[in-house]
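Visitor: Sharing a structure with you now.
There are 2 protein chains.
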Amino acid sequence: MDLAAVRTFVAVVDTGQFQDAAAELSITQQAVSKRIAGLEKHLAVRLFTRTARGTRLTIDGQAFLPHARELLRVAERAVASVVPGRRPLRVDMIASRSAASGLMRGFHRAHPEIELDVVMLFDIETAVAAVRSGAIDATFRAVAVPGRPLPEDIESVRVLDEPLQLLTGPAHALAAARSVTVAQLAGHRIWMPGIVPGTEWAAYYDDLVAEFGLTIEATGPNFGSDALLDTIADTPALATFMSEHTRLVWPAGHGLRRIPVTDPTPVYPHSLLWHRDNPHPALATLRAYLSATATSPDATVTWAPSWVVAR
Amino acid sequence: MDLAAVRTFVAVVDTGQFQDAAAELSITQQAVSKRIAGLEKHLAVRLFTRTARGTRLTIDGQAFLPHARELLRVAERAVASVVPGRRPLRVDMIASRSAASGLMRGFHRAHPEIELDVVMLFDIETAVAAVRSGAIDATFRAVAVPGRPLPEDIESVRVLDEPLQLLTGPAHALAAARSVTVAQLAGHRIWMPGIVPGTEWAAYYDDLVAEFGLTIEATGPNFGSDALLDTIADTPALATFMSEHTRLVWPAGHGLRRIPVTDPTPVYPHSLLWHRDNPHPALATLRAYLSATATSPDATVTWAPSWVVAR
DNA sequence: GATCCGTACAACCGATGGTTGTGCCCTAGG
DNA sequence: CCTAGGGCACAACCATCGGTTGTACGGATC
Chain A
-16 MDLAAVRTFV AVVDTGQFQD AAAELSITQQ AVSKRIAGLE KHLAVRLFTR
34 TARGTRLTID GQAFLPHARE LLRVAERAVA SVVPGRRPLR VDMIASRSAA
84 SGLMRGFHRA HPEIELDVVM LFDIETAVAA VRSGAIDATF RAVAVPGRPL
134 PEDIESVRVL DEPLQLLTGP AHALAAARSV TVAQLAGHRI WMPGIVPGTE
184 WAAYYDDLVA EFGLTIEATG PNFGSDALLD TIADTPALAT FMSEHTRLVW
234 PAGHGLRRIP VTDPTPVYPH SLLWHRDNPH PALATLRAYL SATATSPDAT
284 VTWAPSWVVA R
Chain B
-16 MDLAAVRTFV AVVDTGQFQD AAAELSITQQ AVSKRIAGLE KHLAVRLFTR
34 TARGTRLTID GQAFLPHARE LLRVAERAVA SVVPGRRPLR VDMIASRSAA
84 SGLMRGFHRA HPEIELDVVM LFDIETAVAA VRSGAIDATF RAVAVPGRPL
134 PEDIESVRVL DEPLQLLTGP AHALAAARSV TVAQLAGHRI WMPGIVPGTE
184 WAAYYDDLVA EFGLTIEATG PNFGSDALLD TIADTPALAT FMSEHTRLVW
234 PAGHGLRRIP VTDPTPVYPH SLLWHRDNPH PALATLRAYL SATATSPDAT
284 VTWAPSWVVA R
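Listed in order, the protein sequences are those of chains A and B. Per this note's numbering, the very first residue in the first sequence carries number -16; after that it's consecutive. Per this note's numbering, the very first residue in the second sequence carries number -16; after that it's consecutive.
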């Protein structure tokens, strides 16, 4: 289907005549006639009844019209998503299941008029470079990579510590526990597909392993959360970490268990990073929203790598 | 923008390679390369970074991707809206401000998975013909036209009596009234733009005029509800009828008044009409929804033309 | 450094979609 | 009833676009 033909269809509806639509589109009436004929042939229905003084929509035309308008709207938004200058707010995060995703959903509910685009870059180095270049407006990351301070023109604020919970199947050795300590996890296999080696996310789990002697397998391709949940549910020897905030589409009858981890509770620290001089108006709105909804650190004992920036 | 190019873009993303996308689309790799180059030129951004073994999305490409997928989804729905056989449920009503609109919004909330299209045909004669031909699946109408019984293959059920309220500006003579009787309306000008002469809707108001001696001006073009509300708010000599169910975008500071009408309350009777043999699965769902949410007739005295079909 | 894999460029060609010119049909008006 | 005019469709023509084949180029791997 041709978007130009759809645009022509809408123009004819709005003007009521092929001729006026042609003038509006700066083409000839015959070209409009051809485009509409082509669209009608493609859809295999008649969209207009041609009368002696103009056109009237058929029933099919009436049904098609709102979809046509929607199509043009979406096309416009698609183009706008990459136009430099006045494009939607573009935010990076480590994964779609991370707590940052929940924060952005909340922001979208609070400000539905603000257009958003979410991207997922390789690591914080890439993200910081993208923030500095203006390719993205903000990123949710754990700062910083060990030994590398943030550039001076990048500002950051710690917005959320994401507590990790253990997710097990019903046959797992710890399935019946109300809560587990980190020490109890030693010796159990914990599977974290989707974590890419060389990223600060992987560094986080490396530190967790080093400090508490856990066994974390981050290798293997990521087939999505459905496959992950299926495997965890069916494999007694495997568990995984999952954010307490993550709202999953819970597979029925799998008997999955979420178990809090204590002494200490590992938290993944998300900071919002942005460029000091970024002029995007929605960025200020996002920062205001995040500072308003910031969760106060709870009193429980938590753990994060030593290299994360203090709150 | 070309939808074929967008489809190609998504195919390249999904396969990770120009070549595989080409195979999927049954064109050559060079054609894919051209399409992507054209799309990138049109958007004036680079969508992929070309590597030695395939492609990776740029940041702009990542931001564009969800919009591209959405565009293809909407395009598919647009085509599906006119495909005979498995198209969305197509329902006719007399006006977008009528109570039928509220009923359909409620149905959509209850069954968001059911695709709907709303059309507005000329009158009940046209609507019944469209129902019989299968061009539409159902219509909300006041049945029947005086002296014309419904065809035998058309079934109907009275679903909602829409009580009319008076809508006035703050300077109207009746603006301060808690309620008004029909008799009190005699002599006041009531303006109802958008009612087309020759329809059963016009017949309803003709009857109302004849029975109670009202002054209803149905002439004049309909510039939409915004213009109507503006005029009513600013013109002390004019009022209009409006459904008690209508949820308007209430213009702030206009001081508009909704005043119930009594002794009797004129109601516009909506029936759902459908073809006995219509096989659309969503039609049964709609009928079940309407019978479940049907409002029991309240005890107040109401009026409707004598020619409407009994409940 | 040779090979392989994957994309880009060039040349060619048919299809597509635009224009101009013209015909037909329906409505309005005398 | 006939005519004039407004509006859409068809035909012919032509430029452009988008596809194919053939080939070059560049990066990764062994």
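Idealized CB from N, CA, C, for every residue including glycine.
1) Are the C-beta atoms of A/R73 and some chain B residue less than 7 Å apart?
2) Can you find a C-beta in chain A that's less than 7 Å from the C-beta of B/H94?
3) Is the distance from the Cβ of A/Q148 to the Cβ of A/E227 below 7 Å?
4) Confirm, please, whether the CB-CB distance from B/H263 to B/D120 is below 7 Å.
5) Output, in chain order, the set of chain A residues within a Cβ distance shorter than 7 Å of B/D43.
6) Taking Cβ positions, are B/R60 and A/H50 nearer each other than 7 Å?
7) Using a Cβ cut-off of 7 Å (strictly closer), state whether A/A118 contacts chain B.
8) On the CB-based measure, 16 or more other CB atoms within 10 Å of its CB, does B/V44 come out buried or exposed?
9) Quick one, which of B/G(-1), B/P134 and B/P153 has its alpha-carbon nearest B/T109's?
10) DSSP state of B/A222, grouped into three classes?
11) Less than 8 Å between C-beta atoms, sequence neighbours within five positions excluded: which residues of the same chain meet that for A/M175?
12) Strictly below 7 Å CB to CB, what residues from chain A border B/L26?
13) Please check the pair B/V62 and A/M(-16), which I expect to be a contact at CB under 8 Å, by giving their CB distance rounded to whole angstroms.
14) Since A/E53 meets chain B, which of its residues come closer than 7 Å, beta carbon to beta carbon?
15) According to the Cβ coordinates, are A/A46 and B/D217 closer than 7 Å?
16) Please give the ranges of any beta strand (DSSP E) in the segment 13 to 86 of chain A, keeping only runs that are unbroken, at least 3 residues long and fully inside the region.
17) On the criterion of 16 or more Cβ atoms from any shown chain inside 10 Å, does B/E96 qualify as buried, or is it exposed?
18) List the residues of chain A that B/L266 touches, going by C-beta distances under 8 Å, in chain order.
19) Should A/S289 be labelled buried (16 or more other beta-carbon atoms within 10 Å of its own) or exposed?
20) Taking only the alpha-carbon atoms, compute the straight-line gap between A/R92 and B/V(-4) and give it to the nearest angstrom.
21) Alpha carbon to alpha carbon, what distance is there between A/A82 and A/R52?
22) How big is the Cα-Cα spacing for A/T(-9) and A/Q13?
23) Say whether the segment 241 to 258 of chain A touches the segment 134 to 145 of chain A, bearing in mind that this needs 3 or more beta-carbon pairs closer than 8 Å, one atom from each stretch.
24) Nearest-angstrom Cα distance between A/G181 and A/P247?
25) With respect to the beta strand (DSSP E) encompassing B/A121, which residues constitute its N-terminal and C-terminal limits?
26) Quick check on the burial criterion: 16 or more other C-beta atoms within 10 angstroms. Buried or exposed for A/H25?
27) Taking C-beta pairs closer than 7 Å, name the residues in chain A that B/F47 reaches, listed in chain order.
28) So A/D100 contacts chain B; which residues on that side make the cut at Cβ distance below 7 Å?
29) A/L(-14) CB to nearest chain B CB: under 7 Å?
30) Please list, in chain order, the chain A residues whose beta carbon lies closer than 9 Å to that of B/A344.
31) Count the other C-beta atoms from every protein chain shown that fall within 10 angstroms of the C-beta of A/A4, then say buried if there are 16 or more, exposed otherwise.
32) Just grab the DSSP bridge partners of A/Q309 for me.
33) Starting from B/E194 and walking both ways along the alpha helix (DSSP H), at which residues does that stretch end?
34) Would you mind sorting A/P67 into buried or exposed? The rule is 16 or more other CB atoms within 10 Å of its CB.
35) Can you tell me whether A/S116 is helix, strand or coil according to DSSP?
36) Taking all protein chains shown into account, decide if A/G238 is buried (16 or more other Cβ within 10 angstroms of its Cβ) or exposed.
Guide: In brief:
1) Counting from 1 along the first sequence, the entry for residue 73 of chain A is found at position 90. Among the residues facing chain B, A/R73 is included, as its CB has a counterpart in that chain under 7 Å away.
2) As a first step, residue 94 of chain B must be located in the second sequence, where it is residue number 111. No, B/H94 does not count as interfacial toward chain A.
3) Along the first sequence, one-based indexing puts residue 148 of chain A at 165. Along the first sequence, one-based indexing puts residue 227 of chain A at 244. It is a contact, given that the beta carbons lie within the stated cut-off.
4) Your numbering for residue 120 of chain B matches position 137 in the second sequence. Your numbering for residue 263 of chain B matches position 280 in the second sequence. Yes; because the gap between Cβ atoms is below 7 Å, this pair is in contact.
5) Position 60 of the second sequence holds residue 43 of chain B. In chain order: V65.
6) The sequence position of residue 60 of chain B within the second sequence is 77, counting from 1. The sequence position of residue 50 of chain A within the first sequence is 67, counting from 1. For the pair B/R60 and A/H50, the CB atoms are nearer than the 7 Å cut-off.
7) On the first sequence, position 135 is the one that residue 118 of chain A refers to. Yes, A/A118 counts as interfacial toward chain B.
8) Indexing the second sequence from 1 puts residue 44 of chain B at position 61. Looking at the sequence provided, one finds Gly at residue 44 of chain B rather than Val. The residue is buried, with at least 16 neighbouring Cβ atoms inside 10 Å.
9) On the second sequence, position 126 is the one that residue 109 of chain B refers to. Per the Cα distances, B/P134.
10) Position 239 of the second sequence holds residue 222 of chain B. B/A222: strand per DSSP, three-state reduction.
11) Taking the first residue of the first sequence as position 1, residue 175 of chain A is located at position 192. If the five residues before and after A/M175 are omitted, its C-beta is found closer than 8 Å to the C-beta atoms of Y188, I199, E200, A201, T223 and F224, all from its own chain and listed in chain order.
12) Along the second sequence, one-based indexing puts residue 26 of chain B at 43. V62 and V65, listed in chain order.
13) The residue given as residue 62 of chain B occupies position 79 in the second sequence. The residue given as residue -16 of chain A occupies position 1 in the first sequence. Contact between B/V62 and A/M(-16) holds, with the beta-carbon distance rounding to 7 Å and staying under 8 Å.
14) The sequence position of residue 53 of chain A within the first sequence is 70, counting from 1. Listed along chain B, the residues sitting closer than 7 Å to A/E53 by beta-carbon distance are V57.
15) For the purposes of this step, residue 46 of chain A is taken as residue 63 along the first sequence, with counting starting at 1. For the purposes of this step, residue 217 of chain B is taken as residue 234 along the second sequence, with counting starting at 1. Contact check for A/A46 against B/D217 fails: the beta carbons are separated by 7 Å or more.
16) Unbroken beta strand (DSSP E) runs of no fewer than 3 residues, entirely contained in the segment 13 to 86 of chain A, are found at 31 to 34, 37 to 40 and 72 to 75, following chain order.
17) Within the second sequence, the letter at position 113 stands for residue 96 of chain B. It is exposed - the Cβ of B/E96 has fewer than 16 other Cβ atoms within 10 Å.
18) Position 283 of the second sequence holds residue 266 of chain B. Within chain A, no residue comes near B/L266; the closest Cβ sits about 15 Å away, beyond 8 Å.
19) Here residue 289 of chain A corresponds to residue number 306 of the first sequence, with the count starting at 1. Answer is exposed; the Cβ neighbour count stays below 16.
20) Residue numbering aside, residue 92 of chain A sits at position 109 when the first sequence is read from its first letter. Residue numbering aside, residue -4 of chain B sits at position 13 when the second sequence is read from its first letter. Looking at the two C-alpha atoms, the distance is approximately 29 Å.
21) Counting from 1 along the first sequence, the entry for residue 52 of chain A is found at position 69. Counting from 1 along the first sequence, the entry for residue 82 of chain A is found at position 99. Straight through space, the alpha carbons of A/A82 and A/R52 are spaced by roughly 35 Å.
22) Position 8 of the first sequence holds residue -9 of chain A. Position 30 of the first sequence holds residue 13 of chain A. If you take the alpha carbons of A/T(-9) and A/Q13, they lie about 12 Å apart.
23) Yes, the segment 241 to 258 of chain A is in contact with the segment 134 to 145 of chain A.
24) Translated into positions along the first sequence, residue 181 of chain A becomes position 198. Translated into positions along the first sequence, residue 247 of chain A becomes position 264. The alpha-carbon atoms of A/G181 and A/P247 are separated by roughly 26 Å.
25) Your numbering for residue 121 of chain B matches position 138 in the second sequence. Its beta strand (DSSP E) spans residues A121 to R124.
26) Residue numbering aside, residue 25 of chain A sits at position 42 when the first sequence is read from its first letter. Around the beta carbon of A/H25, fewer than 16 other beta carbons sit within 10 angstroms, so the residue counts as exposed.
27) Position 64 of the second sequence, counting from 1, holds the residue named residue 47 of chain B. The contacting residues are A61, S64 and V65.
28) To locate residue 100 of chain A, count along the first sequence from 1; it is residue 117. Below the 7 Å Cβ cutoff, chain B contributes A46 as neighbours of A/D100, in chain order.
29) Numbered from its first residue, the first sequence carries residue -14 of chain A at position 3. Taking a beta-carbon distance threshold of 7 Å, A/L(-14) counts as an interface residue toward chain B.
30) Absent from the structure is residue 344 of chain B, since the part of chain B shown begins at -16 and ends at 294.
31) Here residue 4 of chain A refers to the residue found at position 21 when the first sequence is read from its first residue. Of the other Cβ atoms in all chains shown, 16 or more fall within 10 Å of the Cβ of A/A4; this residue is therefore buried.
32) Since the first residue shown for chain A is -16 and the last is 294, residue 309 of chain A is missing from the structure and cannot be characterised.
33) Position 211 of the second sequence, counted from the first residue, corresponds to residue 194 of chain B. Start and end: E183 to F195.
34) The count along the first sequence starts at 1 and reaches residue 67 of chain A at position 84. Result: exposed.
35) Position 133 of the first sequence holds residue 116 of chain A. Here A/S116 sits in helix by DSSP.
36) In the first sequence, counting from the first residue as 1, residue 238 of chain A sits at position 255. With a threshold of 16 other beta carbon atoms within 10 Å, A/G238 falls short and is exposed.
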